[in-house]
Amino acid sequence: MPDSPPTTAPHTTRPVRFGIHGSPHLAIGIITAAGHSPQEVEFVPYDVAEPFRPLRERALDIMIVKYALAEPDVAVSRPVAHDGRALIVGADHPLADRETVSIEEAAVYDAFRCPGDFPAYVWDEVVPPRTPSGRPIRRVHPMTTVEAMIDLLATTRAVHVSFQSLEASLPSHIKAVPVHDLPPAPVTLAWLRDGELPPQAAALVADAERSIAP
Numbered sequence: 001m002p003d004s005p006p007t008t009a010p011h012t013t014r015p016v017r018f019g020i021h022g023s024p025h026l027a028i029g030i031i032t033a034a035g036h037s038p039q040e041v042e043f044v045p046y047d048v049a050e051p052f053r054p055l056r057e058r059a060l061d062i063m064i065v066k067y068a069l070a071e072p073d074v075a076v077s078r079p080v081a082h083d084g085r086a087l088i089v090g091a092d093h094p095l096a097d098r099e100t101v102s103i104e105e106a107a108v109y110d111a112f113r114c115p116g117d118f119p120a121y122v123w124d125e126v127v128p129p130r131t132p133s134g135r136p137i138r139r140v141h142p143m144t145t146v147e148a149m150i151d152l153l154a155t156t157r158a159v160h161v162s163f164q165s166l167e168a169s170l171p172s173h174i175k176a177v178p179v180h181d182l183p184p185a186p187v188t189l190a191w192l193r194d195g196e197l198p199p200q201a202a203a204l205v206a207d208a209e210r211s212i213a214p
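The opening residue of the sequence shown carries number 1 in UniProt numbering; numbering runs sequentially from there.
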């Protein structure tokens with residue numbers, strides 16, 4: 001069950017520290033849909049191998065997450081967006097020129113395994129261990145940095161089962177092909193359960209929740 005935004009801390013004028021991984025494209029869409037300006041936030045990148053470390057070290061106020069979380073110290077909003085699924089491949093990959101692709105076709109190629117301290121139960125949603133028909137997805141490649149992932153995709157037939165929002169940050173030799181048989185991922189905002197959000201951050205969470213039609 002989603003958490004309600006916590007009681008706000010005393011007024012502060014600093015920007016909302018907003019955790020993102022990769023491109024800020026999705027975050028900007030959420031912020032503007034909520035009636036806020038991207039100038040109100042400071043985008044703070046986080047490492048996918050340690051996604052909650054900046055939050056737990058209180059270097060962030062809120063961060064984008066996808067799918068349901070079971071982290072005892074992390075609270076989450078109601079869904080504030082949905083992110084379509086995509087297969088990330090090199091431009092020379094056999095699937096690169098397709099308008100859409102099935103996850104069943106993607107299972108022919110090697111994918112990436114869960115990185116570092118990223119929650120395995122969430123990675124199972126991002127890169128399912130099996131397709132809907134039961135075909136295993138070979139999660140074998142290490143997921144380290146974005147740059148290393150891009151290099152591997154560009155030089156092999158590896159695939160990354162990911163999200164359409166990633167397309168905004170991809171170089172021209174890497175393609176994002178929509179996956180038509182995986183549902184879009186629910187996107188939420190997360191914060192430390194035992195903390196007090198600055199007023200701007202609490203307002204952004206509440207307005208982002210209200211911006212999604214019931």
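We treat Cβ as the ideally placed atom computed from N, Cα and C, and that holds for glycine.
Backbone secondary structure at residue i - three-state DSSP
{"i": "Pro38", "result": "helix"}
{"i": "Pro79", "result": "coil"}
{"i": "His25", "result": "helix"}
{"i": "Pro142", "result": "coil"}
{"i": "Thr8", "result": "For Thr8, the predicted structure reports a pLDDT of 45, less than 50, and the residue's modelled location is therefore unreliable. The matter cannot be settled from this model."}
{"i": "Leu95", "result": "coil"}
{"i": "Arg135", "result": "coil"}
Under 8 Å between C-beta atoms of residue i and residue j
{"i": "Leu87", "j": "Ala190", "result": "no"}
{"i": "Pro69", "j": "Gly19", "result": "Residue 69 is actually Leu in this sequence, not Pro. No."}
{"i": "Thr188", "j": "Val41", "result": "no"}
{"i": "Leu178", "j": "Gln164", "result": "One point to set straight first is that residue 178 is Pro, not Leu, in the sequence displayed. In this structure, Gln164 lies closer than 8 Å to Pro178 by Cβ."}
{"i": "residue 224", "j": "Ser23", "result": "Absent from the structure is residue 224, since the part of the chain shown begins at 1 and ends at 214."}
{"i": "Ala107", "j": "Ile137", "result": "yes"}
{"i": "Gln27", "j": "Phe52", "result": "The question names Gln, but residue 27 is Ala in the sequence shown. Going by C-beta atoms, Ala27 is not nearer than 8 Å to Phe52."}
{"i": "Pro38", "j": "Ile30", "result": "no"}
{"i": "His36", "j": "Leu182", "result": "no"}
Between the CA atoms of residue j and residue i - distance to the nearest angstrom
{"i": "Asp83", "j": "Ala202", "result": "23 Å"}
{"i": "Val16", "j": "Arg135", "result": "43 Å"}
{"i": "His180", "j": "Thr13", "result": "43 Å"}
{"i": "Asp73", "j": "Gly90", "result": "38 Å"}
{"i": "Glu209", "j": "Glu71", "result": "21 Å"}
{"i": "Val127", "j": "Phe112", "result": "8 Å"}
{"i": "Pro186", "j": "Asp92", "result": "31 Å"}
{"i": "Met149", "j": "Glu104", "result": "22 Å"}
{"i": "Pro45", "j": "Pro94", "result": "32 Å"}
{"i": "Gly116", "j": "Gly195", "result": "25 Å"}
{"i": "Val48", "j": "Phe118", "result": "6 Å"}
{"i": "Asp207", "j": "Arg85", "result": "25 Å"}
{"i": "Leu192", "j": "Val159", "result": "33 Å"}
{"i": "Tyr67", "j": "Ser211", "result": "19 Å"}
{"i": "Asp124", "j": "Pro184", "result": "14 Å"}
Residue i versus the options, residue with shortest Cα-Cα distance
{"i": "Val146", "options": "Ala107, Val108, His93, Ser169", "result": "Ser169"}
{"i": "Arg98", "options": "Glu57, Thr131, Ala120, Lys175", "result": "Lys175"}
{"i": "Arg139", "options": "Ala49, Pro132, Val161, Tyr121", "result": "Val161"}
{"i": "Ser172", "options": "Ala158, Glu125, Ala154, Tyr109", "result": "Ala154"}
{"i": "Ala34", "options": "Ala75, Glu50, Ala81", "result": "Ala81"}
{"i": "Ser133", "options": "Arg58, His36, Ser102, Ala120", "result": "Ser102"}
{"i": "Tyr109", "options": "Ala120, His25, Arg157", "result": "Arg157"}
{"i": "His21", "options": "Asp124, Thr144, Gln200", "result": "Thr144"}
| request: Could you name each continuous beta strand (DSSP E) segment of 3 residues or more that falls completely within the segment 156-197, going from the start of the chain to the end? | output: 160-163, 174-178, 185-192
Q.
For a minimum of 4 consecutive residues, which ranges assigned as the alpha helix (DSSP H) are wholly contained in the segment 42-71?
A. 53-56
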